[in-house]
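For what it's worth, my numbering labels the leading residue of the sequence shown as 259, then goes sequentially. Note that beta-carbon positions come from the ideal geometry of N, C-alpha and C, so glycine has one too. Small disclaimer: the values here were computed from a predicted structure and weren't measured.
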Amino acid sequence: NGIGHYGTWQNTTEVMLPGKGYIVRGISGTSPETTPALNTVEFTGIARNGIISHNITHGNYSGGDYPGAGNTMATELDDNWNLVGNPYPSSISATKFITQNASIISTDNPNPAITGTIYLWNHLNLPSNLVNDPFYGDYVYNYNPNNYIAFNNTGANPPGFNGNIASGQAFFVLMDHNASTTGSSVVFNNNMRYDDTDPLNPSPYANNEFFRVMQRPKPHANRNTIERHRIWLDLIAPNDHANSILVGYVENATNGEDRLYDGFDLSKTSIRFYSLINEDKMSIQGRSLPCDVSDTVPLGLVIPENGNYTIAINSIDGLFSNTNQDIFLEDTYLNIIHDLRNTPYSFNSNIGTFNNRFILRYTNNALNISEETLLNGLVISAPNNNFIKVSSELEQIKTISVFDVLGRILYQDMSVNQKELIINNP
Numbered sequence: 259n260g261i262g263h264y265g266t267w268q269n270t271t272e273v274m275l276p277g278k279g280y281i282v283r284g285i286s287g288t289s290p291e292t293t294p295a296l297n298t299v300e301f302t303g304i305a306r307n308g309i310i311s312h313n314i315t316h317g318n319y320s321g322g323d324y325p326g327a328g329n330t331m332a333t334e335l336d337d338n339w340n341l342v343g344n345p346y347p348s349s350i351s352a353t354k355f356i357t358q359n360a361s362i363i364s365t366d367n368p369n370p371a372i373t374g375t376i377y378l379w380n381h382l383n384l385p386s387n388l389v390n391d392p393f394y395g396d397y398v399y400n401y402n403p404n405n406y407i408a409f410n411n412t413g414a415n416p417p418g419f420n421g422n423i424a425s426g427q428a429f430f431v432l433m434d435h436n437a438s439t440t441g442s443s444v445v446f447n448n449n450m451r452y453d454d455t456d457p458l459n460p461s462p463y464a465n466n467e468f469f470r471v472m473q474r475p476k477p478h479a480n481r482n483t484i485e486r487h488r489i490w491l492d493l494i495a496p497n498d499h500a501n502s503i504l505v506g507y508v509e510n511a512t513n514g515e516d517r518l519y520d521g522f523d524l525s526k527t528s529i530r531f532y533s534l535i536n537e538d539k540m541s542i543q544g545r546s547l548p549c550d551v552s553d554t555v556p557l558g559l560v561i562p563e564n565g566n567y568t569i570a571i572n573s574i575d576g577l578f579s580n581t582n583q584d585i586f587l588e589d590t591y592l593n594i595i596h597d598l599r600n601t602p603y604s605f606n607s608n609i610g611t612f613n614n615r616f617i618l619r620y621t622n623n624a625l626n627i628s629e630e631t632l633l634n635g636l637v638i639s640a641p642n643n644n645f646i647k648v649s650s651e652l653e654q655i656k657t658i659s660v661f662d663v664l665g666r667i668l669y670q671d672m673s674v675n676q677k678e679l680i681i682n683n684p
């Protein structure tokens, strides 16, 4: 399905196909509409076992971005989504599923059909009239499309998913845009059902985390032994809604685009937060080891309305758990390098898409001059309110922006490159 073709509900009595994902619409007619209602569904059949293959497909659109229904921008990837599901009466390892179906293995899987990230709907928020129409038509109440957990070999975003796909749990996979539209499939097998860390005593994975009605992921220890050092960041809107991204330094990942370690941002909401690999927007980005303190990661965001926003650390692990490892956010518009370990970073922004304003970094490159020292060396005066004079005692002023109390930009100069600037009143 492409943008504008979602939400086509059908009454059906068909036999459910193993490996296919199904979405069941809730009961209609409750008042108010956001009140949860019980709905009992009975399933009958024989428990599945062994190898199960399910065919998947994708669309043929290969052009540029275009507006879908409700002016939601669509890309060539949006007709590549397939909903599949765990067909077994036990949980399966998401990592093993990804390895089986997305790894490039020269002998038996030279052209994998899917990219290496799965997406699970956690239904964390009730439908709301504050959520924009993301895909189709004009509705009063909409689900929040940010209620997805993305998972690949770098980790889960947002954090907490234990990596076990519960029995009967459906999830989205993104079919590779270059994969064949005929004969492509995903495969499930019994090996995905058992933890074989101890080959002599394999044990079934825990089957206690099924995402359905308003369920927040629980913290879990990472049982995989590959080396990981990770940072989860949140972009927090004025209404306190948050979008998360994950940047991780992971064994076998590279700084390029890796199908097993990088996951696309699929959000179609008005507010978005992502890291960038060239022009591609990522919800999860894996980067190479060792973690180089000189590394930088560009961040992008889409702001739906003028106001005050915040970027903050959600969670950390690995070497970032060491308080001696700095984590900075660079605001290129205001020439500020902010220490995220000390406090979240709040900023005013106008409406728009900003792919060159923020950079995640691990050193303060301003000759080790702290943000507080830089601000202490800045003198701002407005004699008789006729003009604004900005002077720097330490470094040249690179850029300057003047906002009003509503966050609207009144003046901006992105190439000052001098220690003093006069801004005349209009």
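Span separating the alpha-carbon of residue i from that of residue j
i, j, result
"P562", "T590", "20 Å"
"G343", "G426", "6 Å"
"V674", "K656", "5 Å"
"Q654", "I680", "14 Å"
"N608", "R530", "14 Å"
"I646", "I658", "12 Å"
"N683", "I667", "14 Å"
"F612", "V560", "6 Å"
"R470", "D454", "Since pLDDT at R470 reaches only 49, below the 50 mark, its modelled position is unreliable, and no value is offered."
"I494", "A640", "33 Å"
"P688", "Y346", "Missing from the structure shown is residue 688; the chain here goes from 259 to 684 and no further."
"Y507", "K677", "38 Å"
Whole-number beta carbon distance between residue j and residue i, since they are thought to touch under 8 Å
i, j, result
"I285", "A295", "5 Å"
"I617", "P548", "Not confirmed; about 20 Å, so no contact."
"T373", "A352", "Incorrect: roughly 14 Å between the Cβ atoms, too far for contact."
"F578", "R619", "About 13 Å separates the two Cβ atoms, so there is no contact after all."
"M450", "K539", "Rounded, the Cβ-Cβ distance is 30 Å, inconsistent with contact."
"V444", "I314", "6 Å"
"G576", "R488", "6 Å"
"N340", "F430", "7 Å"
"P370", "D434", "7 Å"
Where residue i sits in the DSSP three-state scheme
i, result
"L219", "Because the chain is modelled from 259 through 684, residue 219 falls outside the range shown and cannot be assessed."
"N344", "coil"
"M433", "strand"
"I680", "strand"
"S528", "coil"
"M672", "coil"
"R599", "coil"
"T375", "strand"
"K647", "strand"
"N572", "strand"
"K354", "helix"
CB of residue i within 9 Å of CB of residue j, strictly
i, j, result
"L598", "L504", "no"
"L432", "T375", "yes"
"L378", "I407", "yes"
"G308", "N448", "yes"
"N411", "I310", "no"
"S524", "G544", "Before going further, note that residue 524 is Leu rather than Ser in the sequence given. Their beta carbons are not under 9 Å apart, which means L524 does not touch G544 by this criterion."
"Y532", "S546", "no"
"D337", "H316", "yes"
"D584", "V551", "yes"
"N415", "H381", "no"
"N606", "Y669", "no"
Neighbour flag for residue i against chain C, beta carbons, 9 Å
i, result
"A570", "The chain inventory of the structure shown lacks chain C, comprising one protein chain alone."
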